[in-house]
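Following: one structure in structure tokens, then a few remarks.
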Amino acid sequence: MMSVYRLADDLFGQFRDLVQAASGLYFPDKKRVELETAVHKAMQSTPNTDNDPAVYYRHLRFGPQSRPEMMRLLNLLTVGETHFFRDSAQFDALANHILPTLINRKREAATAMGPGTPPQLRLWSAGCATGEEAYSLAILLHELIPDISQWRISILATDLNEDYLAQARQATYSDWSFREARAQQIRPRYFQPASHNGRDGYQLRPDVRRLVIFAPHNLAADDYPAVATNTVLLDLILCRNVSIYFSAETTQCMVDRFHQALVEGGWLIVGHAEPSLSTYSAFTGHMIAGTLLYQKDKTTVPLRSQPMLPPTPVTTPTAVPRADPFAEAQQLLSHGRNEAAITLLEKSIAILPPQAVTLCLLARAHANLGHWPQARHWCEQAKMVDPLFPEVYDLLAMIETHEGRPEAAIHNLKKVLYLDPARPLAHFHLALLYKKQSQVVMAQRALKNVLHRMEAIPADAPLPDADHTSAGRLMAVAQRLLEEMG
2 MMSVYRLADD LFGQFRDLVQ AASGLYFPDK KRVELETAVH KAMQSTPNTD
52 NDPAVYYRHL RFGPQSRPEM MRLLNLLTVG ETHFFRDSAQ FDALANHILP
102 TLINRKREAA TAMGPGTPPQ LRLWSAGCAT GEEAYSLAIL LHELIPDISQ
152 WRISILATDL NEDYLAQARQ ATYSDWSFRE ARAQQIRPRY FQPASHNGRD
202 GYQLRPDVRR LVIFAPHNLA ADDYPAVATN TVLLDLILCR NVSIYFSAET
252 TQCMVDRFHQ ALVEGGWLIV GHAEPSLSTY SAFTGHMIAG TLLYQKDKTT
302 VPLRSQPMLP PTPVTTPTAV PRADPFAEAQ QLLSHGRNEA AITLLEKSIA
352 ILPPQAVTLC LLARAHANLG HWPQARHWCE QAKMVDPLFP EVYDLLAMIE
402 THEGRPEAAI HNLKKVLYLD PARPLAHFHL ALLYKKQSQV VMAQRALKNV
452 LHRMEAIPAD APLPDADHTS AGRLMAVAQR LLEEMG
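Sequential numbering of the sequence shown, starting at 2, is according to the numbering used here.
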């Protein structure tokens, strides 16, 4: 009989807290063996621990290689079992109701904006494991959109386990991944024979693979929704069988953030084993094809709602009268009530001489709703009022990034930093754009500017122009990106 590895009670508690702080993964007593087994296995492959769990714990918490070693442990704690079109009822709902409705709505919106405007769809597979779910979405879109090459489609696929992401990027799978009937039917059209771990397998067509962007992400972190993580203005989020590993508190925070990340009318799809309906009370539930799905509409706002995009930082008196329309609009935006803020601000500028800061707030409210032409219009109006107001160019950079014009976005961010060099988030966004353009030296320079600008700021200080992002978190992300680029 195989012996079971056990940790002392105090060490089990320390490892449990450390893992939860790093990832959100929660191991109550009933899952104790899972954590202990993973700790034992990871410890055996970690040098200089002498197979002593106390030494290994200190190594994880304080060692110079603590991050990669923690990732090794977390990779052992996450389960990547999935397959194409898993849960046929949910994919029936997607194929026959949700995606056709979204596609028609997006096509109509693009037509209304004028010739040459491509329809856009933004989807997120959160907790994507080895990629079958995200690629299933990409295949469905190819099935449903005849002119898909004329669309601007983004499917973000994230997971905590970077080993899974590496497998997902290969897009090569065994027969076991095609055990659903729908997967077997589409395989001849979308996959080619290829080797998979030394055995016969199948690789997805390149044109379908290109729709999906894989990135590491921790759903228990507070760095989303945000433009920097590409987690804003989403039409659909799939997060299935992830929250079963989280505590109730972590799950509620995650669900609230999903609500903020979705556009009005956007959809959230979770697994059948997810928590009670009260967790999703911010959404409207719909029973479609025999499965319960959640939609964000105008009448449902989470109690802990935070702004999808950060409110415009301004210098105002500490106590602002309630009658101040700008302050009221900021408050509305902070609760996700973008349309109400737009109505209020438009009434205000019809009566009072508009200021650049007010026009920028109006532009931001439109951007939160995905109304990009309107957002650009109000930015241009703000630029006419005050061509030296940095927020104008910050917003224009965001719009250009969304519309696929990175060079124009870089140009606007340079204007921001010319007018206000002390904006660390602008340096960071500039670095991301340079990195995407493969301009490594320029990206490294921008990241070094981030670190330099943050030196005098306490690690726990919130950044004024970033939604719930601390100075320490931004520094850590910038440092990691700098190390990855060598």
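By construction, the Cβ of each residue, glycine as well, lies at the ideal position given by its N, Cα and C atoms.
Nothing here was measured: the structure is a model prediction, and the numbers come from that model.
- Query: How would you call residue 20, buried or exposed, if buried means at least 16 neighbouring beta carbons within 10 angstroms?
  - Reply: buried
- Query: How close, in whole Å, do the beta carbons of residue 132 and residue 169 come, if the pair is a contact with beta carbons under 8 Å?
  - Reply: 3 Å
- Query: How would you call residue 224, buried or exposed, if buried means at least 16 neighbouring beta carbons within 10 angstroms?
  - Reply: buried
- Selected residue, minimal CA-CA separation from residue 263, among 294, 244, 226: 226
- Item | Whole-angstrom distance between residue 201 and residue 194, CA atom to CA atom | 7 Å
- Item | Between the CA atoms of residue 432 and residue 443 - distance to the nearest angstrom | 7 Å
- According to the neighbour-count rule (16 or more other Cβ atoms, all chains shown, within 10 Å of its Cβ), is residue 61 buried or exposed? buried
- Is the Cβ-Cβ distance between residue 44 and residue 57 less than 8 Å? yes
- Counted within 10 angstroms of its Cβ, other Cβ atoms place residue 381 as buried (16 or more) or exposed: exposed
- Anyone know if the C-beta pair for residue 447 and residue 428 falls short of 8 Å? yes
- Item | Nonlocal neighbours in the same chain, by C-beta distance under 7 Å from residue 76, ignoring five residues either side | 162, 164
- Query: Who does residue 147 pair with in a DSSP beta bridge?
  - Reply: DSSP lists no partner for residue 147.
- Span of the beta strand (DSSP E) holding residue 240? 235–240
- Task: Give the secondary structure of residue 303 by DSSP, where H, G and I count as helix, E and B as strand, and everything else as coil.
- Result: Note that residue 303 scores a pLDDT of 47, beneath 50, so its modelled location is shaky; the value from the coordinates is reported in the next line. Residue 303: coil per DSSP, three-state reduction.
- Going by beta carbon distance, what residues of the same chain come within less than 7 Å of residue 8, once the five residues before and after it are set aside? 16, 37, 40, 54
- Item | Through-space distance from residue 355 to residue 140, alpha-carbon basis | 48 Å
- Do you know whose CA, among 184, 267, 159, 180, lies nearest residue 215's CA? 159
- Query: Terminal residues of the continuous alpha helix (DSSP H) containing residue 17?
  - Reply: 10–24
- Query: For the putative contact between residue 172 and residue 86, defined by C-beta atoms under 8 Å, what is the C-beta separation to the nearest angstrom?
  - Reply: Not confirmed; about 15 Å, so no contact.
- Message: With a threshold of 7 Å on Cβ separation, who are the neighbours of residue 138 within its own chain once the five nearest residues in sequence on each side are excluded?
- Response: 124, 126, 156
- Who are residue 158's beta bridge partners in DSSP? 126, 215
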